[in-house]
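For the sequence shown, my numbering assigns the number 1 to the initial residue and increments by one for each residue that follows. For every residue, glycine included, the Cβ atom is placed at its ideal position computed from N, Cα and C. Below you'll find the structure, written out as structure tokens, and then a few comments.
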Amino acid sequence: MAKKKDESEAITKGHFVRCRYCGQKNAVKDDYKNNSANCGKCKLPLSNEPHKKFADLSKHEYIHPADSKALAALKAIPGVDTSLKKLLEWTGESAIRVMFMASAIKVTPKQCPDLHAKLQIACTTLGVDMPDLFIQQNPVVNAFTGGVEKPIIVLHSSLIERLNDEETLAVISHEVGHIHAEHVLYLTAARLLEALANFGAARLIPGSEILKFIISAGIGSALLAWARRAELSCDRAAALVVQDPHIVGRTMMKLAGGTLTAKIDYDQFLEQGREFQKNYDEKKLDKFWADILNAGLSHPFPIWRVSEIIKWVEDGEYDEVMKNN
Ligand SMILES: [Zn+2]
Ligand SMILES: [Zn+2]
Numbered sequence: 001m002a003k004k005k006d007e008s009e010a011i012t013k014g015h016f017v018r019c020r021y022c023g024q025k026n027a028v029k030d031d032y033k034n035n036s037a038n039c040g041k042c043k044l045p046l047s048n049e050p051h052k053k054f055a056d057l058s059k060h061e062y063i064h065p066a067d068s069k070a071l072a073a074l075k076a077i078p079g080v081d082t083s084l085k086k087l088l089e090w091t092g093e094s095a096i097r098v099m100f101m102a103s104a105i106k107v108t109p110k111q112c113p114d115l116h117a118k119l120q121i122a123c124t125t126l127g128v129d130m131p132d133l134f135i136q137q138n139p140v141v142n143a144f145t146g147g148v149e150k151p152i153i154v155l156h157s158s159l160i161e162r163l164n165d166e167e168t169l170a171v172i173s174h175e176v177g178h179i180h181a182e183h184v185l186y187l188t189a190a191r192l193l194e195a196l197a198n199f200g201a202a203r204l205i206p207g208s209e210i211l212k213f214i215i216s217a218g219i220g221s222a223l224l225a226w227a228r229r230a231e232l233s234c235d236r237a238a239a240l241v242v243q244d245p246h247i248v249g250r251t252m253m254k255l256a257g258g259t260l261t262a263k264i265d266y267d268q269f270l271e272q273g274r275e276f277q278k279n280y281d282e283k284k285l286d287k288f289w290a291d292i293l294n295a296g297l298s299h300p301f302p303i304w305r306v307s308e309i310i311k312w313v314e315d316g317e318y319d320e321v322m323k324n325n
């Protein structure tokens, strides 16, 4: 009751803060200061700081050079597009959609409305049509985007349980980044190849000739090498939506440290990222990737990823994209 009275007093006195992310008008108490209350719709902290929505952001403004390089190497392999499209015909878009409609919770304005609002924020900020968003019960902290023509985003339940609202926005924005950067077709093919490797299910594919071709032509390894580098571009996209690269950094810390996070010092984590960047050896990391393909790690190496985000920000490139748009 007391809370209701506070709110109605605020309304009569006209104390409102419009959410910088979703635009919702929120009644606030007299002693409200920036970030001391959360938006009733998207649950993100209320602040008077502006939030930029990009009018016409080009992916080339934030794509990581390692992503473009690996993509060029992949595209240079003869027959890559036709063989991957053939591979995806096996699962097909409708099969992916039916699987999640049958097994996961679909997020709508009425079902988990704050997640729906966060998806809308990520899409309006980057300039992407809204995809369907699902939540799936899964203890592995992860999220992914898949599909062919109509992408869908899936968040694992453990991820939402572990992250705060800003960090959840960062993860959703990373996934929307995959759509904005036009990664979805290749990413879906990469996940399918990983799944086939993990479950030894290759023999189940009726046209396993196509799989043999993909592996012998080196498409599989080039695709997986690219998919890991594509993560770096989408971490940047996430930073462009949350507009505080440290939120992306803290999200990585949780991905790296799990439930221990309360005991982990963020500044030391960043220091570890800088240390990693100094000794970064692309060839060694590549070999390691090849060795762990079967481990099913689709978003690995949070330290590497945070080191790349720090570098991007410290080189002034993040500020440049924010300024030029
Ligand atoms: Zn809001
Ligand atoms: Zn990703």
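Could you tell me the distance, in whole angstroms, from the CA atom of Asn164 to the CA atom of Arg250?
-> One-based indexing of the sequence shown puts residue 164 at position 164. One-based indexing of the sequence shown puts residue 250 at position 250. A straight line joining the alpha-carbon of Asn164 with that of Arg250 spans about 10 Å.
From Arg97, Thr124, Ile135, residue whose alpha carbon lies closest to that of Thr108 | Sequence index remark: in the sequence shown, residue 108 carries index 108 (1-based). When Arg97, Thr124, Ile135 are compared, the shortest CA-CA separation from Thr108 is found for Ile135.
Would you please state the rounded distance, in angstroms, between the beta carbons of Leu169 and Ile121? I believe it to be under 8 Å.
-> Residue mapping note: residue 169 aligns to position 169 of the sequence shown, counting from 1. Residue mapping note: residue 121 aligns to position 121 of the sequence shown, counting from 1. Between Ile121 and Leu169 the Cβ distance is about 7 Å, and since that is below 8 Å, they are a contact.
Quick one: is Lys323 buried, meaning 16 or more other Cβ sit within 10 Å of its Cβ, or exposed?
-> For the purposes of this step, residue 323 is identified with residue 323 of the sequence shown, where counting begins at 1. Taking all protein chains in view, the Cβ of Lys323 is surrounded by fewer than 16 other Cβ atoms within 10 Å, so the residue is classified as exposed.
Met253: buried (16+ other C-beta within 10 angstroms of its C-beta) or exposed?
-> Along the sequence shown, one-based indexing puts residue 253 at 253. Residue burial is scored here from C-beta neighbours: Met253 has at least 16 other C-beta atoms within 10 angstroms and is therefore classed as buried.
Excluding five sequence neighbours on each side, which residues of the same chain lie with their C-beta closer than 6 Å to the C-beta of Ala295?
-> For the purposes of this step, residue 295 is taken as the residue at position 295 of the sequence shown. The predicted position of Ala295 is uncertain, since its pLDDT is 47 and thus under 50; no value can be drawn from it.
Does the Cβ of Ala37 lie closer than 8 Å to at least one heavy atom of ligand 1?
-> Reading the sequence shown from its first residue, position 37 is the one you call residue 37. In terms of side-chain proximity, the C-beta atom of Ala37 is found no nearer than 8 Å to any non-hydrogen atom of ligand 1.
Measure the alpha-carbon distance for Ala217 versus Leu193 and round it to whole angstroms.
-> In the sequence shown, the residue the question calls residue 217 occupies position 217. In the sequence shown, the residue the question calls residue 193 occupies position 193. Annotation: Ala217 to Leu193 spans about 14 Å, alpha carbon to alpha carbon.
Taking Cβ positions, are Val248 and Ile160 nearer each other than 9 Å?
-> Start at 1 with the first residue of the sequence shown, and residue 248 comes out as number 248. Start at 1 with the first residue of the sequence shown, and residue 160 comes out as number 160. At least 9 Å separates the beta-carbon of Val248 from that of Ile160.
What do you get for Ser173, buried or exposed, if any count of 16 or more other CB atoms within 10 angstroms of its CB means buried?
-> Numbered from 1 along the sequence shown, position 173 holds the residue referred to as residue 173. It is buried - the Cβ of Ser173 has at least 16 other Cβ atoms within 10 Å.
Say the cut is 8 Å; is the CB of Asp32 nearer than that to a heavy atom of ligand 1?
-> Against the sequence shown, residue 32 aligns to sequence position 32. Sequence check: residue 32 is Tyr here, not Asp. Checking every heavy atom of ligand 1 against the Cβ of Tyr32, none is found closer than 8 Å.
With DSSP as the reference, please indicate the residues paired to Gly146 in a beta bridge.
-> Locating residue 146 in the sequence shown gives position 146, counting from the first residue. In the DSSP output, where bridge partners are listed per residue, Gly146 has Ile152.
Have a look at Thr82, Phe276, Asp132 and flag the residue whose alpha-carbon is nearest the alpha-carbon of Cys112.
-> On the sequence shown, residue 112 is found 112 positions in, with the first residue counted as 1. The residue with the shortest Cα to Cα distance from Cys112 is Asp132.
Could you tell me if the beta carbon of Gly146 falls within a distance shorter than 8 Å of some heavy atom in ligand 1?
-> Counting from 1 along the sequence shown, the entry for residue 146 is found at position 146. Gly146: no, Cβ never under 8 Å from ligand 1.
For Asp67 versus Ala222, is the C-beta distance shorter than 9 Å?
-> If you number the sequence shown from 1, residue 67 lands on position 67. If you number the sequence shown from 1, residue 222 lands on position 222. By the CB criterion at 9 Å, Asp67 and Ala222 fall outside the cutoff.
Would you mind giving the Cβ-Cβ distance between Ala237 and Leu126, rounded to the nearest angstrom? I have them listed as a contact below 8 Å.
-> Counting from one through the sequence shown, the residue named residue 237 turns up at place 237. Counting from one through the sequence shown, the residue named residue 126 turns up at place 126. Between Leu126 and Ala237 the Cβ distance is about 6 Å, and since that is below 8 Å, they are a contact.
Starting from Asn324 and walking both ways along the alpha helix (DSSP H), at which residues does that stretch end?
-> As a first step, residue 324 must be located in the sequence shown, where it is residue number 324. Per DSSP, Asn324 belongs to the alpha helix (DSSP H) from 317–324.
Element boundaries [alpha helix (DSSP H), containing Asp235] = Within the sequence shown, numbered from 1, the residue matching residue 235 stands at position 235. From DSSP, the alpha helix (DSSP H) with Asp235 extends over 219–242.
Consult DSSP for Phe134 and reduce its assignment to one of helix, strand or coil.
-> Position 134 of the sequence shown, counted from the start, is the residue given in the question as residue 134. Residue state for Phe134 is assigned as strand, using DSSP reduced to three classes.
Does the Cβ of Tyr21 have 16 or more other Cβ atoms within 10 Å, making it buried, or fewer, making it exposed?
-> On the sequence shown, residue 21 is found 21 positions in, with the first residue counted as 1. Buried, by the Cβ-count rule.
Under the three-state reduction of DSSP, which class applies to Lys278: helix, strand or coil?
-> Locating residue 278 in the sequence shown gives position 278, where the first residue counts as 1. Annotated three-state conformation of Lys278 is helix, per DSSP.
Between Ala27 and Lys43, what straight-line distance do the alpha-carbon atoms span, to the nearest angstrom?
-> As a first step, residue 27 must be located in the sequence shown, where it is residue number 27. As a first step, residue 43 must be located in the sequence shown, where it is residue number 43. Taking the straight line joining both Cα atoms gives about 14 Å.
Alpha helix (DSSP H) segment containing Lys25, residue limits | Counting from 1 along the sequence shown, the entry for residue 25 is found at position 25. Boundaries around Lys25 are those of the beta strand (DSSP E), 25–27, since no alpha helix (DSSP H) includes it.
For my contact list, His15 and Asp30 are in at a C-beta cut-off of 8 Å; report their separation, rounded to the angstrom.
-> Against the sequence shown, residue 15 aligns to sequence position 15. Against the sequence shown, residue 30 aligns to sequence position 30. The C-beta separation of His15 from Asp30 comes to about 7 Å, placing the pair in contact by the 8 Å criterion.
Give the DSSP-derived three-state secondary structure of Phe54 in the structure shown.
-> In the sequence shown, residue 54 corresponds to position 54, counting from 1. In this structure, Phe54 counts as coil in the three-state DSSP scheme.
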